[in-house]
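Visitor:
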Amino acid sequence: MDGHGRAGPPGDPGGGGLGSGGELAGEPGGGRGLAGEPGGGGGLAGEPGGGRDPFGELRALAGDCVHCGFCLPVCPTYQLWGEEMDSPRGRIHLMTQVLDGAELSDATAEHLDRCLGCMACVPACPSGVQYNRLIEAARTWVEDPGERPGAHDAEDGGYSRTLRGRAARAAIFSVFPHPRRLRLLTGPLRAAQRMGLDELIRRSSLPGRVSPELEAALRLAPPRPGRVPRLPALVPARGQRRAVVGMLTGCVQGVFFPRVNTATARVLAAEGCDVIIPTGQGCCGALSLHAGRRSEAVRLAKRTIAMFERAGVAAVVVNSAGCGSAMKEYGQLLAGDPDWAARAEAMAGQVRDFAEFLAELTGEPAGAGGTAGAAGTVGTGGTADGGARDGGSGPVAPRHPLPVRAVYHDACHLGHAQGIKAQPRALLRAIPGLELAETGDGGVCCGSAGVYNLLQPQTARELGVRKAATIEATGAELLISANPGCSLQIATALAARGVSMPVAHTAQVLDASIRGLPVSSLTRPAR
Ligand code: SF4
Ligand code: SF4
Numbered sequence: 000m001d002g003h004g005r006a007g008p009p010g011d012p013g014g015g016g017l018g019s020g021g022e023l024a025g026e027p028g029g030g031r032g033l034a035g036e037p038g039g040g041g042g043l044a045g046e047p048g049g050g051r052d053p054f055g056e057l058r059a060l061a062g063d064c065v066h067c068g069f070c071l072p073v074c075p076t077y078q079l080w081g082e083e084m085d086s087p088r089g090r091i092h093l094m095t096q097v098l099d100g101a102e103l104s105d106a107t108a109e110h111l112d113r114c115l116g117c118m119a120c121v122p123a124c125p126s127g128v129q130y131n132r133l134i135e136a137a138r139t140w141v142e143d144p145g146e147r148p149g150a151h152d153a154e155d156g157g158y159s160r161t162l163r164g165r166a167a168r169a170a171i172f173s174v175f176p177h178p179r180r181l182r183l184l185t186g187p188l189r190a191a192q193r194m195g196l197d198e199l200i201r202r203s204s205l206p207g208r209v210s211p212e213l214e215a216a217l218r219l220a221p222p223r224p225g226r227v228p229r230l231p232a233l234v235p236a237r238g239q240r241r242a243v244v245g246m247l248t249g250c251v252q253g254v255f256f257p258r259v260n261t262a263t264a265r266v267l268a269a270e271g272c273d274v275i276i277p278t279g280q281g282c283c284g285a286l287s288l289h290a291g292r293r294s295e296a297v298r299l300a301k302r303t304i305a306m307f308e309r310a311g312v313a314a315v316v317v318n319s320a321g322c323g324s325a326m327k328e329y330g331q332l333l334a335g336d337p338d339w340a341a342r343a344e345a346m347a348g349q350v351r352d353f354a355e356f357l358a359e360l361t362g363e364p365a366g367a368g369g370t371a372g373a374a375g376t377v378g379t380g381g382t383a384d385g386g387a388r389d390g391g392s393g394p395v396a397p398r399h400p401l402p403v404r405a406v407y408h409d410a411c412h413l414g415h416a417q418g419i420k421a422q423p424r425a426l427l428r429a430i431p432g433l434e435l436a437e438t439g440d441g442g443v444c445c446g447s448a449g450v451y452n453l454l455q456p457q458t459a460r461e462l463g464v465r466k467a468a469t470i471e472a473t474g475a476e477l478l479i480s481a482n483p484g485c486s487l488q489i490a491t492a493l494a495a496r497g498v499s500m501p502v503a504h505t506a507q508v509l510d511a512s513i514r515g516l517p518v519s520s521l522t523r524p525a526r
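Per numbering that gives the first Met the number 0, the sequence shown starts with residue 0, numbered consecutively.
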């Protein structure tokens with residue numbers, strides 16, 4: 000690294016051999032647990048001794064980094080600015096300094112805030128550094144003062160967000176994780192859209208002058224989804240039942256993309272699943288967890304776990320990448336809580352992404368060879384205990400042709416965080432007539448990243464512009480994305496280029512094929 004913090008070539012500073020000092024990340028039950036206090040989980044604060052890392056777990060996790068720099072080329076913020084401190088290696092260095100007692104300065108907090116949490120660095124790291132756990136912990140230092148009694152605060156010279164920054168976060172988190180409030184917000188939004196006021200406001204420079212966050216929210220606001228019938232508590236399997244699953248409806252997904260949930264339930268039912276959809280669902284905690292609001296995430300996780308326990312399902316299918324990724328981390332989140340640790344671990348083991356579950360159930364090539372069975376399968380020899388013993392028995396619902404050239408976008412929390420790339424592609428390629436194009440950007444983040452596009456609108460916009468250009472270059476007529484945030488972000492970026500490309504979820508494409516609908520049902524969906 001030079002004196003300005005710019006990085007040298009990967010592998011330059013610190014040297015370090017491949018694999019030295021590292022443990023493989025993401026092994027079930029493996030890795031170092033961030034033991035925490037009852038009720039809080041995470042072990043960042045509240046234990047005897049207080050402070051940010053009383054048991055040294057975070058230092059140990061950071062110590063796995065051998066400074067090789069292999070993560071640098073895949074990091075979107077490093078790609079944008081070429082700054083070492085905006086790379087995974089640089090951020091780990093900053094975290095280590097703070098753990099060693101350095102003040103959490105404004106500059107350090109800004110470098111941590113600029114991280115998208117896209118996790119592209121995790122699979123790229125040959126040493127298995129669990130950056131996801133490090134950044135989630137580090138975010139709590141600036142976000143969740145209740146979790147860091149030993150940390151500095153503004154009164155003793157430490158970091159404190161600006162009033163505007165705090166207000167923006169407070170506004171976002173008082174609405175987004177609450178489906179009812181989010182739904183209430185869609186009322187005025189729809190009225191404004193009907194009158195064309197949204198366009199008028201968007202074109203004026205007023206929102207940007209008042210608040211870039213507000214301007215970003217207006218820019219990203221989706222068109223009204225129209226009337227969609229509520230899903231019943233049970234969508235029964237068509238034909239012979241081969242699984243019983245729960246389904247998460249999600250907050251952003253449920254409010255802005257209700258048709259995705261309808262399609263998910265229909266596809267699962269068509270493939271022989273009883274789909275149980277608990278009523279009164281709330282947020283799973285993903286947005287809070289990824290933003291460092293750990294105590295909020297813990298509360299929402301416990302609520303979600305209890306809800307699906309009451310539903311009595313052995314598998315929970317999730318169609319939103321960010322939600323699935325967070326729910327698979329429940330075990331880590333609640334590891335230090337004796338009343339919840341086992342329940343959280345059990346729930347994490349039952350969570351399956353929609354494409355992951357379906358590929359396992361139907362034995363698509365990517366699913367048949369997977370590491371985990373389709374939890375909840377009750378087919379031949381199945382015991383609903385998490386094992387697809389028969390390795391999938393093929394799709395039972397015929398696929399009808401969908402002649403369309405589509406491009407599949409890897410949501411970061413599906414591709415990088417959950418390692419699910421092959422399954423959705425295999426499911427889509429099995430549809431007759433569907434031609435699947437690939438972006439040429441290696442799956443770099445689109446800039447959505449939870450609420451990042453609201454909190455860091457300029458950076459998000461730059462990444463959105465890049466993503467839209469690569470997607471347009473594929474010549475596809477349809478974009479397929481499995482995360483509501485990505486769908487909104489990319490659709491907005493494409494529209495800004497004057498490109499009108501419809502966006503659909505993997506479940507909607509499969510649903511259209513199974514029902515024998517024309518391509519126009521996806522490219523010109525009903526409002
Ligand atoms: S999570 Fe993404 S943005 Fe953050 S350091 Fe890793 S690659 Fe870079
Ligand atoms: S995080 Fe991994 S890839 Fe990046 S510098 Fe450290 S050891 Fe190398």
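Each residue gets a CB set at the ideal place from its N, CA and C atoms; glycine is no exception.
Note that the structure is predicted; figures quoted are calculated from it, not measured.
#1: Out of Trp339, Pro228, Val266, Phe255, which has the shortest C-alpha to C-alpha gap to Gly238?
#2: Should Gly127 be counted as a contact of ligand 1 given a C-beta to heavy atom distance under 6 Å?
#3: Would DSSP call Asp440 helix, strand or coil?
#4: Bridge partners of Asp273, per DSSP?
#5: Report the three-state DSSP secondary structure of Ser104 (helix, strand or coil).
#6: Along the chain, where does the alpha helix (DSSP H) containing Ile529 start, and where does it finish?
#7: How many angstroms separate the CA atom of Pro456 from the CA atom of Leu288?
#8: Quick check on the DSSP output: the beta strand (DSSP E) that includes Val174 runs from which residue to which?
#9: Going by alpha carbons, who is nearest to Leu57 out of Pro75, Val312, Thr95, Met118?
#10: Relative to the C-alpha of Val450, which candidate in Ala285, Val316, Ala405 has its C-alpha closest?
#11: Following a CB-centred definition, is Val121 positioned closer than 6 Å to any heavy atom of ligand 2?
#12: To the nearest angstrom, how far is it from the Cα of Gly446 to the Cα of Ala108?
#13: Regarding Arg138 and ligand 2, is the C-beta to nearest heavy atom distance less than 6 Å?
#14: Run through DSSP, which three-state label would Glu308 get?
#15: Alpha carbon to alpha carbon, what distance is there between Ile91 and Val141?
#16: Nearest to Asp409 by alpha carbon, out of Asn260, Leu401, Ala354?
#17: Any idea what DSSP makes of Gly21, helix, strand or coil?
#18: Buried or exposed for Leu98, please, with buried defined as at least 16 other CB atoms from any protein chain shown within 10 angstroms of its CB.
#19: For Thr376 and Cys485, what's the separation of their Cα atoms in angstroms?
#20: Please confirm whether Gly530 and Pro178 have their CB atoms less than 7 Å apart.
#21: With a threshold of 7 Å on Cβ separation, who are the neighbours of Asp384 within its own chain once the five nearest residues in sequence on each side are excluded?
#22: So what's Val73 in DSSP terms, helix, strand or just coil?
#23: Which one or two residues does DSSP pair with Ala405 in a beta bridge?
Guide: Let me spell this out:
#1: Locating residue 238 in the sequence shown gives position 239, counting from the first residue. Of the listed residues, the one whose Cα sits closest to Gly238 is Val266.
#2: The sequence position of residue 127 within the sequence shown is 128, counting from 1. Because no heavy atom of ligand 1 lies under 6 Å away, the Cβ of Gly127 does not count as near it: no.
#3: Reading the sequence shown from its first residue, position 441 is the one you call residue 440. Reduced to three states, the DSSP call for Asp440 is coil.
#4: Residue 273 sits at position 274 when you count from the first residue of the sequence shown. Bridge partners of Asp273 according to DSSP: Val243.
#5: The residue labelled residue 104 in the question sits at position 105 within the sequence shown. In the structure shown, Ser104 sits in coil (DSSP, three-state: anything other than H, G, I, E or B).
#6: With the chain covering 0 to 526 only, the question about residue 529 has no answer from this structure.
#7: Reading the sequence shown from its first residue, position 457 is the one you call residue 456. Reading the sequence shown from its first residue, position 289 is the one you call residue 288. In a straight line, the C-alpha of Pro456 is about 20 Å away from that of Leu288.
#8: Here residue 174 is taken as the residue at index 175 of the sequence shown, counted from 1. DSSP places Val174 in no beta strand (DSSP E) but in the uninterrupted alpha helix (DSSP H) bounded by 162 to 174.
#9: As a position in the sequence shown, residue 57 is number 58, starting the count at 1. It is Thr95 whose Cα lies nearest to the Cα of Leu57.
#10: Counting from one through the sequence shown, the residue named residue 450 turns up at place 451. Answer by Cα proximity: Ala285.
#11: Residue numbering aside, residue 121 sits at position 122 when the sequence shown is read from its first letter. Val121: no, Cβ never under 6 Å from ligand 2.
#12: Along the sequence shown, one-based indexing puts residue 446 at 447. Along the sequence shown, one-based indexing puts residue 108 at 109. If you take the alpha carbons of Gly446 and Ala108, they lie about 19 Å apart.
#13: By one-based count along the sequence shown, residue 138 stands at place 139. Arg138 Cβ: outside cutoff for every heavy atom of ligand 2.
#14: Your numbering for residue 308 matches position 309 in the sequence shown. In this structure, Glu308 counts as helix in the three-state DSSP scheme.
#15: Taking the first residue of the sequence shown as 1, we reach residue 141 at position 142. Taking the first residue of the sequence shown as 1, we reach residue 91 at position 92. For Val141 and Ile91, the distance between alpha carbons rounds to 16 Å.
#16: As a position in the sequence shown, residue 409 is number 410, starting the count at 1. Checking every option, the nearest Cα to that of Asp409 belongs to Ala354.
#17: In the sequence shown, the residue the question calls residue 21 occupies position 22. Only weak support exists for where Gly21 lies, its pLDDT of 28 falling under 50; the value from the coordinates is given anyway. The DSSP-derived three-state label of Gly21 is coil.
#18: Counting from 1 along the sequence shown, the entry for residue 98 is found at position 99. When all chains shown are included, Leu98 counts as buried.
#19: Within the sequence shown, residue 376 is the residue found at index 377, counting from 1. Within the sequence shown, residue 485 is the residue found at index 486, counting from 1. For Thr376, the pLDDT reaches just 46, beneath the cut-off of 50, and the residue's location in the model is therefore unreliable, leaving the point undetermined.
#20: An answer regarding residue 530 cannot be provided, because it is not within the stretch 0 to 526 covered by the chain.
#21: Within the sequence shown, numbered from 1, the residue matching residue 384 stands at position 385. In this predicted model, Asp384 has a pLDDT of only 38, less than 50, meaning its place in the structure is not dependable enough to derive any value.
#22: In the sequence shown, residue 73 corresponds to position 74, counting from 1. In the structure shown, Val73 sits in a helix (DSSP, three-state: H, G or I).
#23: The residue given as residue 405 occupies position 406 in the sequence shown. Bridge partners of Ala405: Leu435, Leu477.
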